[in-house]
Amino acid sequence: MPITVPAYGKEAAGRLASMADMTADDGALRRFLHGLPGVDAVGLQARAATLGTRSIKTTAKAYAIDLAISMIDLTTLEGADTPGKVRALCAKALLPDPTDRTAPRVAAVCVYPDMVATAKEALGGSGIQVASVATAFPAGRVALPVKLADTRDAVAAGADEIDMVIDRGAFLSGRYMAVFEEIKAVKEACVRAGGTSQSETGGGSAAHLKVIFETGELQTYDNVRRASWLAMLAGADFIKTSTGKVAVNATPPVTLLMLEAVRDFHESTGVQVGVKPAGGIRTTKDAVKYLVMVNETLGERWLTADWFRFGASSLLNDLLMQRQKLSTGRYSGPDYVTVD
Amino acid sequence: MAFAYAPAPESRAVVDLAPSYGLFIDGEFAEGAGGELRKTVSPATEEVLAEYTQATADDVDRAVRAARKAFGTWSALPGAERAKYLFRIARIIQERSRELAVLETLDNGKPIRESRDADLPLVAAHFFYYAGWADKLDHAGYGADPRPLGVAGQVIPWNFPLLMLAWKIAPALATGNTVVLKPAETTPLSALFFADICRQAGLPKGVVNILTGDGTTGAALVAHPDVNKIAFTGSTEVGKAIARTVAGTDKRVTLELGGKAANIVYDDAPLDQAVEGIVNGIFFNQGHVCCAGSRLLVQESVAEELLASLKRRMGTLRVGDPLDKNTDIGAVNSAEQLARITALADAGEAEGAERWAPACELPTTGYWFAPTLFTGVTQAHRIAREEIFGPVLSVLTFRTPAEAVEKANNTPYGLSAGIWTEKGSRMLWTASKLRAGIVWSNTFNKFDPASPFGGYKESGYGREGGRHGLAAYLAGAEGPTSERGARDGERDR
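Note that the protein sequences, when read in sequence, are chains W and E.
All the letters of the first sequence, read from the start, carry residue numbers 400 to 739 under the numbering used here.
All the letters of the second sequence, read from the start, carry residue numbers 5 to 497 under the numbering used here.
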């Protein structure tokens, strides 16, 4: 297996170049994606369900809860977002549990592009990342120049991470190359003025790119596997399930499938890509199931906020309540965590 | 710090074990005529769980007479009345499922995840399913008012003690027969708990009788002149002995014996799911499964990729305490079975196949065997021909579909097979060519009470489960002649 390099590192481009044959033209890309092994839906769902029966107790549970908190992209993506709301969320991100300062911080705060500056200011040099959705999130139904302007705007405002949406219309109509080129263009737009696109450090001069598939719209597992490879070949740093804005968001089988795609991609190229399930993950129990899937599919290397994230808003409070219960032996309820 | 799962043991407190158990005859627990007691141990710890009674020929006679006496009234009950008892038994099994799952895991060594999520739900489902048939026998396709056979002598194995009991007792009772059942000598406990469930359900005395003991008890039951029907699940060797014993009598027999199933993976298979299916096919229940997918036949063009995936996946299997809810592979059922697995695996190595097992720490007490894979296996190797009945997979390769079918069928057995392909036409073609009683496609070890189960060739005859399973317990429904006809037809394929 090739030596592991992070998707955002400068060596990743060279590795992707070695796969250039597969992305040389529309026909080559289509043949490659359609040549990937099929997915048997029943088997995939059964595997995800079996992993969901793992019993995570005591020390393992405490570890999993803290790990899950540290992987959260604390999210507010509403038309009604205001600077006040975003600042409150940032305060929560910095100090999730005011009654217990040992609780870890979340990984990032995720907002719309116009709120990036506010979030950046509120989080200061805390190390918590500011993630911004972009490319006309959530539908992505605008022209490419508008998507790129949207991205550049968020990056210029200080976003550390960009969560783009793919053009599902293009993907479903089989125009894979259009999707591929668009991801590449957005990756270029993630470069901060004066920086390079392949910075080595997390907080460097290019924002990290998460590519959202909206798996609830792609519908089939075969599509999800193809989209995963397509995005990774185009340079995605993370692949992400959903916007949280459609009826079906992250599910365990879809996430498992994406983890398997990341595993296979890593095995053939050495490039490490992250995974972010988003939408619908609300309870500690759910979060732990996802961590079990990561543990048993990708292993320890992925069990950090650098390579796995939860896109969630209400999950954090449930994790904090379970954390309080583990440390005190009592369940104090929702009035003992902050609502922001 | 790594994500290490803390121990998550299921509590043993739900199981209340007596120090010793008698025989269940005519609705009562009674001492055996011989007075001999045997011990049953937990294969995971070698701890003695309880003592049970070695039934003698006299006990067999008492039990058969009790069953004969009960047969008259039981068979005369309207089907709907028999159904009520079966539904009641099914519900009690569901209510007591945690207790029974823990008991099964203690006595058998299988992981609690399997006894809880596979065995017990299937046991209850089987009783529910045949309860539904009891008042519909007129419409089962065996003529109007089909009649039961009488007293059924049933001998079951140790790999799925309670599930095999359900497969035997549920259809027998639904059709109006009464039974004398002998559980395996290493796993008698769940059958004895089932006897208690029969009492709890108010089942009339003598309809179900449970005799514990070793092979001599089973032999006495099979040879008893007043038994009308023998149903056996177990080894081919014992199955042949039973067939010899009943030859020349008018006893009806169904035998569900060994297997050496081929699990065929074509190059267009859904590989990740195929790997899961291979793992489930051979490592489910420590490979103590007659229909286990013990021969992996993989198309050469994907063999390397598939084996790499399979090895990686085997590295994540958790072997250890069967009561831990996160255990994937439990203990081998007995020292005897462990010796057999060890001997065959050693023979595989000696004959030149390449042995591989993931690094895994095995407990120091109890009977354990690491999940093991052999590559470079040919049809001539013993591990490709003989049933190992353990967590040992033999990997062979093929080049074309015709070669896959030829190799798959090249075995004295014919119980089950698996086909992995995304192409429907190839799947159907292969299934039609395989000489196996059960063919799974893109799945493996999938059981359902509505689906008939049984083998070809040395894997036995007769079917259990589904509408077909009724025939084994109904007079005139399935004579030896029709059976031979079916097998002649098979030879033409």
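By construction, the Cβ of each residue, glycine as well, lies at the ideal position given by its N, Cα and C atoms.
- For W360 of chain E, which beta-bridge partners are listed by DSSP? As a working mapping, residue 360 of chain E is identified with position 356 in the second sequence. According to DSSP, W360 of chain E bridges with E:L377.
- Touch check for the region 85 to 92 of chain E and the region 256 to 273 of chain E: three-plus C-beta pairs under 8 Å? They do not touch, by the three-pair rule.
- For G334 of chain E, count neighbouring C-beta atoms within 10 Å of its own C-beta (all shown protein chains included) and say buried if the count is 16 or more, exposed if not. If you number the second sequence from 1, residue 334 of chain E lands on position 330. With 16 or more other Cβ atoms within 10 Å, it is buried.
- Query: Would a C-beta distance cut-off of 8 Å place L443 of chain W and Y620 of chain W closer than the cut-off?
  - Reply: To locate residue 443 of chain W, count along the first sequence from 1; it is residue 44. To locate residue 620 of chain W, count along the first sequence from 1; it is residue 221. Contact: yes.
- Item | For L655 of chain W and Q721 of chain W, the rounded distance between their alpha carbons | Translated into positions along the first sequence, residue 721 of chain W becomes position 322. Translated into positions along the first sequence, residue 655 of chain W becomes position 256. Q721 of chain W and L655 of chain W: Cα-Cα distance of roughly 25 Å.
- Run the CB neighbour count on Q204 of chain E, radius 10 Å, all protein chains shown included, and call it buried at 16 or more, exposed below. Mapped onto the second sequence, residue 204 of chain E falls at position 200. Exposed: under 16 other Cβ atoms inside 10 Å.
- What are the boundary residues of the alpha helix (DSSP H) that K583 of chain W is part of? Residue mapping note: residue 583 of chain W aligns to position 184 of the first sequence, counting from 1. Per DSSP, the unbroken alpha helix (DSSP H) holding K583 of chain W starts and ends at 575 to 588.
- Query: chain E beta carbons: is any one of them nearer than 8 Å to that of D439 of chain W?
  - Reply: Taking the first residue of the first sequence as 1, we reach residue 439 of chain W at position 40. Answer yes: the Cβ-Cβ gap between D439 of chain W and chain E drops below 8 Å somewhere.
- Can the beta-carbon of R439 of chain E be found less than 8 Å from the beta-carbon of G418 of chain E? To locate residue 439 of chain E, count along the second sequence from 1; it is residue 435. To locate residue 418 of chain E, count along the second sequence from 1; it is residue 414. In contact: R439 of chain E and G418 of chain E (Cβ atoms closer than 8 Å).
- Message: Under DSSP, the beta strand (DSSP E) around Q618 of chain W begins and ends at which residues?
- Response: If you number the first sequence from 1, residue 618 of chain W lands on position 219. Premise fails: Q618 of chain W is in no beta strand (DSSP E) and is neither H nor E.
- Task: Say whether the region 48 to 66 of chain E touches the region 165 to 182 of chain E, bearing in mind that this needs 3 or more beta-carbon pairs closer than 8 Å, one atom from each stretch.
- Result: In short, these stretches do not touch, since the Cβ pair count stays below three.
- If you draw a straight line from the alpha carbon of E581 of chain W to that of I611 of chain W, how long is it in whole angstroms? The residue you call residue 581 of chain W lines up with position 182 of the first sequence. The residue you call residue 611 of chain W lines up with position 212 of the first sequence. The straight-line gap from Cα to Cα measures roughly 13 Å.
- Message: Below 9 Å on C-beta distance, what does L397 of chain E contact in chain W?
- Response: Stepping through the second sequence from its first residue, residue 397 of chain E is reached at position 393. Residues of chain W passing the Cβ test: none, with the nearest at roughly 18 Å.
- Item | Check whether A686 of chain W and F709 of chain W have beta carbons under 8 Å apart | One-based indexing of the first sequence puts residue 686 of chain W at position 287. One-based indexing of the first sequence puts residue 709 of chain W at position 310. Going by C-beta atoms, A686 of chain W is nearer than 8 Å to F709 of chain W.
- Task: Check whether the Cβ atoms of L397 of chain E and L366 of chain E sit closer than 8 Å, and answer yes or no.
- Result: On the second sequence, residue 397 of chain E is found 393 positions in, with the first residue counted as 1. On the second sequence, residue 366 of chain E is found 362 positions in, with the first residue counted as 1. At least 8 Å separates the beta-carbon of L397 of chain E from that of L366 of chain E.
- Closer than 7 Å at the beta carbon, the chain E residues around G442 of chain W: Translated into the one-based positions of the first sequence, residue 442 of chain W becomes position 43. For G442 of chain W, the neighbours in chain E by C-beta distance under 7 Å run, in chain order, P274, Q277, E280, G281, N446, T447.
- Query: At least one CB of chain E closer than 8 Å to the CB of L714 of chain W: is that the case?
  - Reply: The sequence position of residue 714 of chain W within the first sequence is 315, counting from 1. No, its Cβ sits nowhere closer than 8 Å to a Cβ of chain E.
- Query: Curious, which full-length alpha helix (DSSP H) runs of at least 4 residues does the region 645 to 691 of chain W contain?
  - Reply: Runs found: 651 to 668.
- Query: Measuring CB to CB, does E304 of chain E end up less than 8 Å from R403 of chain E?
  - Reply: Along the second sequence, read from residue 1 onward, the residue named residue 304 of chain E stands at position 300. Along the second sequence, read from residue 1 onward, the residue named residue 403 of chain E stands at position 399. It is a contact, given that the beta carbons lie within the stated cut-off.
- Query: At a cut of 8 Å, does the region 17 to 31 of chain E reach the region 320 to 330 of chain E through at least three beta carbon pairs?
  - Reply: Judged by Cβ distances under 8 Å, the region 17 to 31 of chain E makes no contact with the region 320 to 330 of chain E, as fewer than three pairs qualify.
- For R317 of chain E and G601 of chain W, the rounded distance between their alpha carbons: Within the first sequence, residue 601 of chain W is the residue found at index 202, counting from 1. Within the second sequence, residue 317 of chain E is the residue found at index 313, counting from 1. In this prediction, G601 of chain W scores a pLDDT of 42, lower than 50, which makes its location untrustworthy; the coordinate-derived value is nonetheless stated afterwards. Straight-line measurement puts the Cα of R317 of chain E at about 32 Å from the Cα of G601 of chain W.
- Query: Counting pairs of Cβ atoms below 8 Å between the region 105 to 114 of chain E and the region 203 to 222 of chain E, do you hit three or more?
  - Reply: Flag = no, the region 105 to 114 of chain E and the region 203 to 222 of chain E do not touch.
- Using the beta-carbon of each residue, which ones in chain E are nearer than 7 Å to L690 of chain W? Taking the first residue of the first sequence as 1, we reach residue 690 of chain W at position 291. Result: F7.
- Query: Closest to D254 of chain E by CA distance: which of E:A22, E:D276, E:P13, E:A479 is it?
  - Reply: Within the second sequence, residue 254 of chain E is the residue found at index 250, counting from 1. The residue with the shortest Cα to Cα distance from D254 of chain E is E:A479.
- Task: Might you give, ordered along the chain, the residues of its own chain that have their beta carbon closer than 7 Å to the beta carbon of G437 of chain W, omitting 5 neighbours on each side?
- Result: Your numbering for residue 437 of chain W matches position 38 in the first sequence. Excluding sequence positions up to five before and after G437 of chain W, its CB lies within less than 7 Å of the CB of D621, all in the same chain and listed in chain order.
- Message: Taking CB distances under 8 Å as the criterion, tell me whether P436 of chain W reaches chain E.
- Response: For the purposes of this step, residue 436 of chain W is identified with residue 37 of the first sequence, where counting begins at 1. At a cut-off of 8 Å between beta-carbon atoms, P436 of chain W makes contact with chain E.
- Message: Between E:I268, E:V106, E:F132, E:Y134, which has its C-alpha nearest D121 of chain E's C-alpha?
- Response: Counting from 1 along the second sequence, the entry for residue 121 of chain E is found at position 117. Of the residues E:I268, E:V106, E:F132, E:Y134, the one whose Cα lies closest to the Cα of D121 of chain E is E:V106.
- Message: Is it buried or exposed, T727 of chain W, if we count other Cβ atoms within 10 angstroms and call 16 or more buried?
- Response: For the purposes of this step, residue 727 of chain W is taken as the residue at position 328 of the first sequence. Answer is exposed; the Cβ neighbour count stays below 16.
- Task: Name, please, each residue of chain E whose Cβ falls closer than 7 Å to the Cβ of S454 of chain W.
- Result: Numbered from 1 along the first sequence, position 55 holds the residue referred to as residue 454 of chain W. In chain order: A12, K329, N330.
- Can you list the residues of chain E that N694 of chain W reaches, using a CB-CB cut of under 8 Å? In the first sequence, the residue the question calls residue 694 of chain W occupies position 295. Residues of chain E passing the Cβ test: F7.
- Based on Cα-Cα distance, which residue from E:V183, E:P375, E:A347, E:T369 lies nearest to W360 of chain E? Your numbering for residue 360 of chain E matches position 356 in the second sequence. It is E:P375.
- Task: Would you tell me roughly how many angstroms separate the C-alpha atoms of I268 of chain E and L702 of chain W, rounded to the nearest one?
- Result: As a working mapping, residue 268 of chain E is identified with position 264 in the second sequence. As a working mapping, residue 702 of chain W is identified with position 303 in the first sequence. It is roughly 35 Å from the alpha-carbon of I268 of chain E to the alpha-carbon of L702 of chain W.
- Within the chosen definition, does the region 92 to 104 of chain E reach the region 68 to 82 of chain E through at least 3 CB pairs nearer than 8 Å? Contact between the region 92 to 104 of chain E and the region 68 to 82 of chain E is absent, because fewer than three Cβ pairs lie under 8 Å.
- Task: Determine the direct distance from the alpha carbon of S420 of chain E to that of A606 of chain W, and round the result to whole angstroms.
- Result: To locate residue 606 of chain W, count along the first sequence from 1; it is residue 207. To locate residue 420 of chain E, count along the second sequence from 1; it is residue 416. Going by the C-alpha atoms only, they are around 54 Å apart.
- What alpha helix (DSSP H) runs, 4 residues minimum, are completely inside the region 383 to 464 of chain E? Counting whole runs of 4 or more residues, the region 383 to 464 of chain E contains the alpha helix (DSSP H) stretches 386 to 389, 405 to 413, 428 to 437.
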